[in-house]
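The next block holds one structure in the form of structure tokens; read it before the comments.
Protein chains: 2
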Amino acid sequence: MALEIPEVVIDRLPIYTRALALLQRQGRNVVNSQELGGRLGVTPAQIRKDLSYFGRFGKQGRGYNVKRLLEELHQILGITREWSMVLVGVGQLGRAILGYDGFAPQGFRIVAAFDVDPDIVGDMVNGLEVKSVAQLQDEMPDLDAQIAIVAVPAANAQEVIDALVECGVKAILNYAPIAAHAPPDVRIRDIDPVLGLQSMTFYIKEGGTTS
Amino acid sequence: MALEIPEVVIDRLPIYTRALALLQRQGRNVVNSQELGGRLGVTPAQIRKDLSYFGRFGKQGRGYNVKRLLEELHQILGITREWSMVLVGVGQLGRAILGYDGFAPQGFRIVAAFDVDPDIVGDMVNGLEVKSVAQLQDEMPDLDAQIAIVAVPAANAQEVIDALVECGVKAILNYAPIAAHAPPDVRIRDIDPVLGLQSMTFYIKEGGTTS
DNA sequence: CGCAATCTGTGATTGCGTGCACAATGTAGC
DNA sequence: GCTACATTGTGCACGCAATCACAGATTGCG
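For the protein sequence lines, the chains are A and B, in the order given.
Taking the working numbering, the leading residue of the first sequence gets -4, the next gets one more, and so forth.
Taking the working numbering, the leading residue of the second sequence gets -4, the next gets one more, and so forth.
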């Protein structure tokens, strides 16, 4: 059945999850695709089709049970468990990521931090002792972390990613402003706020689209 | 001619820009679509077609002049000038954004910071005095900022965005984990690292795609 | 207990972006 | 300057994703 699910569909599921979690906190028990779509700026049909890739979670004439659907999505996305992550790069950005309070509530935990700078190695940051990247190969096996966050300068990002891949990391959240390369079985998501800004300026620069 | 350029195309241009800037720093004068595509994980044909929406910037048999193409892209994206931005939300995340050194080199400057918390208002952060959000309406006209960065808790994000829209902001970089609503002439880009993580876990959770 | 109303799940259709393939054009070497 | 080569720009075809539209199922009401 579920052969080859489009990546765009997978990318939307976390959005649905986020909205459903909010509905649940608001005490709502049931929601239909129309309302959910309205909140997210997505077509109701889109939501129903996306969900249909994985099963039949709704009831005709009624909608979706919020709690039930949320659990299903958690199951599908693999976020019923906790995920351990390692951070590489403990500069200004890295420290901000360590301090970010959005990961823990969603079950993502940073369990180790690495840096090249000898001045930083050994520091305690957010209850974590910064290790040397030279120890990456040694430390990784014990950590059981399949996810890594890269927050090093652009110039060093690819080599860091190569090293992480070598250590068996399967997913990378990349904050470095580069187009990173990795084997097909390693997933990469890039976070670069500047790209977002630069694409928005196209639309707001005077003159607009129509010249 | 250039009627209705797909948004996906616009979203790729900053990527090209980033790669070309790197090539320029490396002293390269010319690059062809194949090499550029290879570096970015994009088809050469894709790049050529994307660029063809805006003009003919290459030379057959040779490729693209790096400096020239970079200038053209800057022109197209509207990033020849400096852009002023305001930040709303000076908590942990907001302070990290204020300290982020990736904006300035690309011509994006945060010129004002706002927060609701009276304990924070008045503080100096990164050379900026934190103003009260109550003063948003008063202060904005002088600032000439068409871009805003939202780094407030999810619960307050929508009202903050509404207020910013009211003040004439045309582009919003939203760090709050919500699906924000805004008029069609206001652009929004969301930054939520958790969404990226949650979509990656789908692929790396044991079992994989093929069941 | 039957009828009207509601909303899901999904086959069919549409639309759009991607990739292909080639003509057009510029380059380099001799 | 002529020939061989490289690479762009683009019309066309393909494929996939978004949307439509309806059958089927559930609910609520009279």
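Glycine included, C-beta positions come from ideal geometry on N, C-alpha and C.
No experiment lies behind these values; they were computed from the predicted model shown.
For residue i, report the span of its beta strand (DSSP E) as first-last.
i	result
glycine 97/A	No beta strand (DSSP E) contains glycine 97/A, which DSSP labels as neither H nor E.
valine 106/A	103 to 110
arginine 182/B	182 to 185
isoleucine 167/A	166 to 169
Alpha carbon to alpha carbon, how far is residue i from residue j?
i	j	result
leucine 65/B	asparagine 27/A	47 Å
alanine 16/B	asparagine 24/B	11 Å
valine 83/B	isoleucine 105/B	10 Å
methionine -4/B	leucine 68/B	Low per-residue confidence applies at methionine -4/B: pLDDT is 42, beneath 50, and the placement is therefore not dependable, though the value from the model is reported in the following sentence. In a straight line, the C-alpha of methionine -4/B is about 18 Å away from that of leucine 68/B.
proline 148/B	alanine 171/B	6 Å
tryptophan 78/A	phenylalanine 103/A	5 Å
isoleucine 186/B	proline 188/A	7 Å
aspartate 133/B	glutamate 2/A	45 Å
glutamine 55/B	phenylalanine 49/B	17 Å
glycine 203/B	isoleucine 199/A	With a pLDDT of only 46 at glycine 203/B, under 50, the local geometry of the prediction cannot be trusted, and the value read off the model is given with reservation. Answer to the nearest angstrom: the Cα atoms are 42 Å apart.
glutamate 154/B	aspartate 112/B	15 Å
tyrosine 95/B	alanine 146/A	12 Å
phenylalanine 197/B	isoleucine 144/B	30 Å
aspartate 45/A	glutamine 101/A	22 Å
threonine 12/B	methionine 135/A	35 Å
phenylalanine 98/A	aspartate 180/B	32 Å
leucine 93/A	glycine 89/B	14 Å
So the alpha helix (DSSP H) residue i belongs to, where does it begin and stop?
i	result
glycine 56/B	Neither: glycine 56/B is in no alpha helix (DSSP H) and is coded neither H nor E.
aspartate 6/A	2 to 20
proline 188/B	188 to 199
Starting from the Cα of residue i, find the closest Cα among the options and give me that residue.
i	options	result
leucine 8/A	Gln141/A, Ala152/A, Asn151/A and Gly73/A	Gly73/A
alanine 140/A	Glu2/A, Arg76/A, Tyr11/A and Arg57/A	Arg76/A
alanine 174/B	Val4/A, Gln29/A, Gly22/A and Val37/A	Val37/A
leucine 31/A	Lys165/A, Phe197/A and Ile42/A	Ile42/A
aspartate 6/B	Gly53/B, Arg63/B and Ile71/B	Ile71/B
valine 128/B	Gly117/B, Phe52/B and Asn121/B	Gly117/B
arginine 34/B	Asp157/B, Ala14/B and Ala108/B	Ala14/B
aspartate 114/A	Glu(-1)/A, Arg184/A, Gly86/A and Asp180/A	Gly86/A
arginine 184/B	Phe52/B, Ile142/B, Asp157/B and Asp110/B	Ile142/B
valine 125/A	Ala107/A, Gln193/A and Gln21/A	Ala107/A
When every heavy atom of the ligand FAD is checked, does at least one fall within less than 8 Å of the C-beta of residue i?
i	result
aspartate 180/A	The ligand FAD is not part of this structure, which contains no ligands at all.
*Contacting positions in the region 120 to 142 of chain B - beta carbon closer than 8 Å to chain A*: Residues Gln141 and Ile142.
*Counting only runs that start and end within the region 124 to 151 of chain A, where is the alpha helix (DSSP H) found for 4 or more residues in a row?*
Listed in chain order, they are 131 to 138.
*Give, in chain order, every residue of the region 188 to 204 of chain B whose Cβ lies closer than 8 Å to some Cβ of chain A.*
So the list reads Pro188, Val189, Leu190, Gly191, Leu192, Gln193, Ser194, Met195, Thr196, Phe197, Tyr198, Ile199, Lys200 and Thr204, given in the order they occur along the chain.
*Report the residue ranges of all beta strand (DSSP E) runs contained in full by the region 30 to 93 of chain A; include only those spanning at least 3 residues, in chain order.*
If one requires a minimum length of 3 residues, the beta strand (DSSP E) runs lying completely within the region 30 to 93 of chain A are 58 to 60 and 78 to 83, in chain order.
*Under 8 Å (Cβ pairs) to chain A, residues found in the region 95 to 108 of chain B*: For chain A, the residues of the region 95 to 108 of chain B that bring a beta carbon within less than 8 Å of one of its beta carbons are Tyr95, Asp96, Gly97, Phe98, Gln101 and Phe103, in chain order.
*For the region 17 to 44 of chain A, enumerate the residues whose C-beta is nearer than 7 Å to any C-beta of chain B, in chain order.*
Residues of the region 17 to 44 of chain A whose Cβ lies closer than 7 Å to any Cβ of chain B, in chain order: Arg34, Leu35 and Gly36.
*Could you please tell me which residues of the region 145 to 160 of chain A, in chain order, have their CB closer than 9 Å to any CB of chain B?*
Residues Ala149.
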